[in-house]
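Protein chains in written order, with the working numbering: chain A, 254 to 807; chain B, 22 to 404.
Below is one structure; the comments refer to it alone.
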Amino acid sequence: MSRSSITKAHNKIQELSWDPTYVTPVEKYSTDYTFEKAPKKDPLKQVLRSYFPMEEEKDNRVFGAMDGAIRGNMFRQVQERWMEWQKLFLSIIPFPEISAARAMPLTIGTVPNPEVHNGLAIQMIDEVRHSTIQMNLKRLYMNHYIDPAGFDITTKGFQNCYAGTIGRQFGEGFITGDAITAANIYLTIVAETAFTNVLFVAMPGEAAANGDYLLPTVFHSVQSDESRHISNGYSIILMALADERNRELLERDLRYAWWNNHAVVDAAIGTFIEYGTKDRRKDRESYAEAWRRWIYDDYYRSYLIPLEKYGLVVPHDLVEESWNRIWNKGYIHETAQFFATGWWANYWRIDGMDDSDFEWFEFKYPGWYDKYGKWWERYSDLSKKNGHAPICFDADTDYVYPHRCWTCMVPCMIREDMVVDEVDGQVRTYCSETCHWTDAVAFRPEYKGRQTPSMGKLTGMREWETAYHGYDLAECIKAQGYVRDDGNTLIPQPHLDLDSKKMWTLDNMKGFDIASPNILLNEMSKEEREAHVSEYKKGGPAGRKERPPEFALS
Amino acid sequence: MSTSTRAEEGDVQAPSKDDEVPPAVTERSVPKPVFTDAEAGAKEFPSWQSRTFNYFTPAKRRATIYEDVTVDIQPDPERHLLQGWVYGFADGTGGYPQEWTELKSSNWHKFLDPNEEWEQTIYRNNANVVRQIGQNLAQARGARAFDAWNRGWIKTVERHVGAWAHVEHGLGMHVFLPANRDAPTNMINNALSVASAHKLRFGQDLILYNLELTEDVDGFDGSAHLDAWNNDPIWQGVRENVEGITGIRDWAKACFVALCIFEPLVGELFRSEFIMQAAAPQGDFVTPTLMGAGEGDAAREARVARALYGMLANDEKHGEENQKIMDGWLREWVPRSLEAGRELQPIWSQPGEKVIRFEESLEHARGRQEELLSEFNLSAKEL
Chain A
254 MSRSSITKAH NKIQELSWDP TYVTPVEKYS TDYTFEKAPK KDPLKQVLRS
304 YFPMEEEKDN RVFGAMDGAI RGNMFRQVQE RWMEWQKLFL SIIPFPEISA
354 ARAMPLTIGT VPNPEVHNGL AIQMIDEVRH STIQMNLKRL YMNHYIDPAG
404 FDITTKGFQN CYAGTIGRQF GEGFITGDAI TAANIYLTIV AETAFTNVLF
454 VAMPGEAAAN GDYLLPTVFH SVQSDESRHI SNGYSIILMA LADERNRELL
504 ERDLRYAWWN NHAVVDAAIG TFIEYGTKDR RKDRESYAEA WRRWIYDDYY
554 RSYLIPLEKY GLVVPHDLVE ESWNRIWNKG YIHETAQFFA TGWWANYWRI
604 DGMDDSDFEW FEFKYPGWYD KYGKWWERYS DLSKKNGHAP ICFDADTDYV
654 YPHRCWTCMV PCMIREDMVV DEVDGQVRTY CSETCHWTDA VAFRPEYKGR
704 QTPSMGKLTG MREWETAYHG YDLAECIKAQ GYVRDDGNTL IPQPHLDLDS
754 KKMWTLDNMK GFDIASPNIL LNEMSKEERE AHVSEYKKGG PAGRKERPPE
804 FALS
Chain B
22 MSTSTRAEEG DVQAPSKDDE VPPAVTERSV PKPVFTDAEA GAKEFPSWQS
72 RTFNYFTPAK RRATIYEDVT VDIQPDPERH LLQGWVYGFA DGTGGYPQEW
122 TELKSSNWHK FLDPNEEWEQ TIYRNNANVV RQIGQNLAQA RGARAFDAWN
172 RGWIKTVERH VGAWAHVEHG LGMHVFLPAN RDAPTNMINN ALSVASAHKL
222 RFGQDLILYN LELTEDVDGF DGSAHLDAWN NDPIWQGVRE NVEGITGIRD
272 WAKACFVALC IFEPLVGELF RSEFIMQAAA PQGDFVTPTL MGAGEGDAAR
322 EARVARALYG MLANDEKHGE ENQKIMDGWL REWVPRSLEA GRELQPIWSQ
372 PGEKVIRFEE SLEHARGRQE ELLSEFNLSA KEL
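In structure tokens:
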């Protein structure tokens with residue numbers, strides 16, 4: 254290898270870029286941010302000559318562990334409850350990863366700093382690595398885990414299931430709209446710097462506790478690339494902060510990005526960690542405790558707040574409200590309940606909570622049983638296939654199927670917080686004031702009186718139920734392809750019993766109609782709608798129709 | 022962790038009052054291994070043997086690892102994406118629109134990278150190149166190989182080999198890298214990401230070689246490449262070409278111009294037809310090994326170009342129209358790249374030992390381009 258030091262090498266490669274004089278660079282992606290040329294440094298001095306061998310070594314370790322897991326029969330010790338949730342997680346995550354690769358042209362095209370471009374280019378290759386290494390992990394799970402159904406349909410399932418859009422925005426949000434909003438603030442400053450901590454560090458820890466040591470092997474290898482990405486993002490935000498004209502946009506984007514990441518990542522990862530585990534040691538960290546450590550202390554207090562001195566307006570209120578939702582409003586528990594009530598609309602199996610789960614939840618989240626315990630007991634009862642309806646269609650469960658949030662697409666499960674408004678000629682529901690603001694105010698071509706022509710739009714059919722409004726449940730499941738190779742048994746099940754006599758089939762799903770809450774809401778008269786919304790907001794927790802006095806709002 | 026005390030281990034002597042009291046031993050809280058028997062084949066039930074990704078049809082009988090880890094990761098409303106793209110640009114366009122190139126395909130998903138690049142191949146190949154170059158340089162230094170270079174050749178390497186590093190960097194950073202956002206499938210975009218990484222690495226290989234030579238060779242001017250690239254008339258046509266390609270918004274056009282016009286007519290002309298031929302007679306056996314690494318990368322990218330543009334040129338529905346469009350691109354760009362190549366001609370005269378005539382080199386380069394274009398039913402002979 255060369256005698257030249259990394260510093261010398263890194264200085265030398267800066268000579269490679271030049272300012273074009275023959276052609277005016279074409280604007281491929283636009284931003285409303287303004288950047289003056291600023292000599293921001295890449296503190297990590299990334300050079301490809303050292304990068305490729307380093308990553309190859311990391312890969313060798315990952316592949317060695319994979320071989321070891323197979324030889325050591327790791328799957329004799331993995332918890333099925335855990336592995337089932339990996340069918341969802343590993344169907345989502347390669348898409349955000351590859352989207353991050355596709356996002357790099359957005360920042361390279363808009364941030365005039367060749368030294369930062371170099372780091373971003375390396376990040377692009379990292380992201381190709383992450384996406385394909387994660388797919389390869391899933392391939393291994395499919396080959397060696399007892400129940401491959403759900404892994405076998407993985408990417409298709411992600412693209413048509415009722416949770417797919419929730420995960421998909423954590424990817425599409427990186428690659429569209431204002432280049433800096435998408436590829437810097439949403440992707441790097443918030444998603445990578447804050448939320449990969451719970452995604453790629455806290456969750457793999459839980460995997461290990463459930464007998465799966467391959468997830469930590471792969472995801473810690475992935476996470477070790479993230480520090481370079483964080484450094485890329487930091488350089489760009491400092492450049493943005495150097496220009497006063499960007500302050501309002503930064504404030505807008507940080508509010509949007511923080512809240513959306515919280516809504517999406519906390520819902521998903523919180524559910525995996527709390528409801529996908531069999532490790533009920535009382536001293537193991539709950540998701541709320543992990544969040545407090547990784548996100549509140551390590552990110553908010555140690556990373557975000559120090560940026561205030563450069564003029565960044567930090568959304569303290571939203572950070573506190575996120576915590577409030579997790580700790581006081583049961584955000585994760587409501588999400589897990591929503592997943593379970595719609596178990597038939599997924600491509601993995603969800604088992605009920607048992608006594609040891611109840612004890613742990615009550616210990617970690619005092620008051621949990623009174624809110625959620627009865628419903629989970631009912632879930633276990635109704636998981637048995639004996640002629641009754643799936644829980645969602647059972648009138649006896651006191652669960653009002655929720656409206657979807659138009660913005661984050663997670664349902665409006667904290668009933669009292671739901672906002673209803675007519676936007677773009679349609680009555681829309683939002684889980685919170687901030688999600689309403691995101692759609693009605695932030696993602697618009699004008700913001701606080703200034704033109705923001707580069708800002709993106711929220712598009713698409715944003716409510717899964719609309720796609721299947723009026724469908725018979727069996728037809729819906731068939732259309733999604735969530736049927737096993739006998740042509741009748743469902744991939745999803747409300748329990749983990751693989752005795753084929755106990756597994757639900759298409760025959761059990763006939764005669765139940767799917768209805769879109771949003772279509773029904775738009776069909777109501779104004780008075781009907783007001784009454785409906787008022788009643789809805791009085792409901793909860795745990796989806797109850799009416800809020801009992803013991804859960805009265807303060 | 023041991024939880025036994027000394028007494029339990031058979032030390033029956035009562036502890037004296039001077040002995041320290043053993044610390045209280047508490048059991049660490051760790052997850053307990055549980056035998057779950059959740060391995061493949063432990064039970065038989067519907068789909069227990071469904072162990073292939075079933076949402077795409079592999080090119081051959083069984084899917085390769087490359088296909089498994091690449092196909093359908095980037096969604097497509099024409100395949101499995103149910104609810105459409107949920108984010109859009111200001112004009113409402115979202116995801117990966119097919120309209121971002123003028124070319125059309127009956128099935129964009131048919132393209133598979135002939136190099137089958139995924140993370141393991143990317144790092145193995147590139148790390149091997151890094152090691153190979155490092156070892157070559159170390160051995161060259163040990164053998165005092167640079168002492169044999171004549172003054173004229175030193176000038177050639179410091180100015181022209183150094184200038185070429187800018188070409189590789191420019192194409193990698195501002196042509197292939199942006200294109201990786203634009204194509205309609207994951208297979209195409211991943212191939213373009215890898216092309217970008219190759220170009221960027223090779224650009225750095227060359228400029229760091231320049232740094233090594235600056236330290237090792239007396240009189241080697243490590244900054245001469247900047248003057249050559251920015252000011253030397255020999256290089257201005259090449260620079261104009263590279264800048265021009267970065268200014269093309271249509272990703273398929275930019276990559277076609279780079280891979281099927283510029284690379285054969287300028288890239289191969291300089292790397293293969295000049296450096297690889299001329300270096301050894303000047304006593305330089307080191308520079309060709311670097312250029313060889315770049316040529317190896319270029320050959321991989323050429324395979325991608327053959328597969329991609331071959332698929333488009335031979336598309337049953339759109340092939341004819343695509344050929345017309347590509348022919349238009351040839352007419353626009355072949356003369357420009359030929360001119361840039363011709364402007365390099367003085368370099369062929371600079372070494373003390375003349376090995377190959379410029380016209381001969383150009384003929385070889387054009388021949389290889391014709392061979393490539395013939396796969397698309399195109400020709401640039403008359404241009």
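All C-beta atoms, glycine included, are put in the ideal place defined by N, C-alpha and C.
Item                                                                                                                              : Value
Any non-hydrogen atom of the ligand MG within 7 Å of Glu261 of chain B CB                                                         : Looking for the ligand MG in the displayed structure turns up nothing, as the structure carries no ligands at all.
Any C-beta of chain B under 8 Å from that of Arg382 of chain A                                                                    : yes
Buried or exposed (CB count within 10 angstroms, at least 16 for buried), Pro871 of chain A                                       : Any answer about residue 871 of chain A is impossible in this case: the structure gives chain A only from 254 up to 807.
CA nearest to the CA of Val196 of chain B, picked from B:Met208, B:Met332, B:His181, B:Ala218                                     : B:Ala218
Rounded C-alpha distance that separates Gly268 of chain B from Ala80 of chain B                                                   : 35 Å
Residue burial classification, Thr705 of chain A (beta-carbon count within 10 angstroms, cutoff 16)                               : buried
is_contact[Arg152 of chain B, chain A] using C-beta, thresh 8 Å                                                                   : yes
Contact with chain D by His187 of chain B, beta-carbon distance below 8 Å                                                         : Judged by its chain identifiers, the structure shown contains no chain D, and its protein chains are A and B.
Alpha helix (DSSP H) runs contained entirely in the stretch 638 to 712 of chain A, provided each spans 4 or more residues         : 686 to 690
Continuous alpha helix (DSSP H) stretch holding Tyr528 of chain A: start and end                                                  : 520 to 528
For Val471 of chain A, the first and last residue of its enclosing alpha helix (DSSP H)                                           : 467 to 494
Delimiting residues of the alpha helix (DSSP H) encompassing Gln432 of chain B                                                    : Because chain B spans 22 through 404 in this model, residue 432 of chain B falls outside it and cannot be assessed.
Secondary structure of Glu5 of chain B, DSSP reduced to three states                                                              : What the structure shows of chain B is the stretch from 22 to 404, and residue 5 of chain B is not part of that stretch, so it cannot be assessed.
Cα-Cα separation between Trp250 of chain B and Ala279 of chain B, rounded to whole angstroms                                      : 19 Å
Chain A within 8 Å of Ser214 of chain B, Cβ atoms only                                                                            : yes
Buried versus exposed call for Arg27 of chain B [16 or more other C-beta atoms within 10 Å across all chains shown]               : Low confidence applies to Arg27 of chain B: its pLDDT is 38, below 50, so where it sits in the model is not reliable, and the reading given next is rough at best. Label assigned to Arg27 of chain B: exposed.
Interface residues of chain B facing Ser539 of chain A [CB-CB closer than 7 Å]                                                    : Simply none; closest approach about 14 Å.
Euclidean distance between Cα positions of Ser575 of chain A and His181 of chain B                                                : 58 Å
Cβ-Cβ distance between Ser270 of chain A and His130 of chain B below 8 Å                                                          : no
Secondary structure of Tyr108 of chain B, DSSP reduced to three states                                                            : strand
Cβ-Cβ separation, Thr385 of chain A to Ala432 of chain A (assumed contact under 8 Å), whole Å                                     : Not quite, the Cβ-Cβ distance comes to about 25 Å (not below 8 Å), so this is no contact.
Within 7 Å of chain A by C-beta, residues of the stretch 170 to 203 of chain B in sequence order                                  : Ala186, His187, His190, Met194, Leu198, Pro199, Asn201, Arg202
Residue burial classification, Gly388 of chain B (beta-carbon count within 10 angstroms, cutoff 16)                               : exposed
DSSP three-state assignment for Thr73 of chain B, whether helix, strand or coil                                                   : coil
Chain-ordered chain A contacts of Asp58 of chain B [CB-CB under 7 Å]                                                              : Arg329
C-beta neighbour in chain B for Tyr683 of chain A, strict 8 Å                                                                     : no
Assumed close pair Pro244 of chain A, Gly796 of chain A - CB separation to whole angstroms, cut-off 8 Å                           : The requested residue 244 of chain A does not occur in the structure, where chain A is confined to residues 254 to 807.
Inter-stretch contact (C-beta, 8 Å, three-pair minimum) for the stretch 646 to 665 of chain A and the stretch 52 to 59 of chain B : no
His101 of chain B to Phe525 of chain A span [Cα, whole Å]                                                                         : 25 Å
CA-to-CA distance, Glu380 of chain B to Lys298 of chain A, given in whole angstroms                                               : 43 Å
Residue from A:Gly713, A:Trp629, A:Lys755 with nearest C-alpha to Asn639 of chain A                                               : A:Lys755
8 Å Cβ cutoff met for Thr287 of chain A and Ile489 of chain A                                                                     : no
Where His385 of chain B meets chain A, residues with beta-carbon distance less than 9 Å                                           : Going along chain A, no residue has its Cβ under 9 Å from His385 of chain B, so there is no contact; the nearest lies around 28 Å.
Amino acids of chain B, ordered along the chain, whose beta-carbon sits closer than 9 Å to that of Ile730 of chain A              : Simply none; closest approach about 13 Å.
Val279 of chain A, DSSP secondary structure in three states                                                                       : coil
Pair within 8 Å by beta-carbon distance, Phe342 of chain A and Ile399 of chain A                                                  : no
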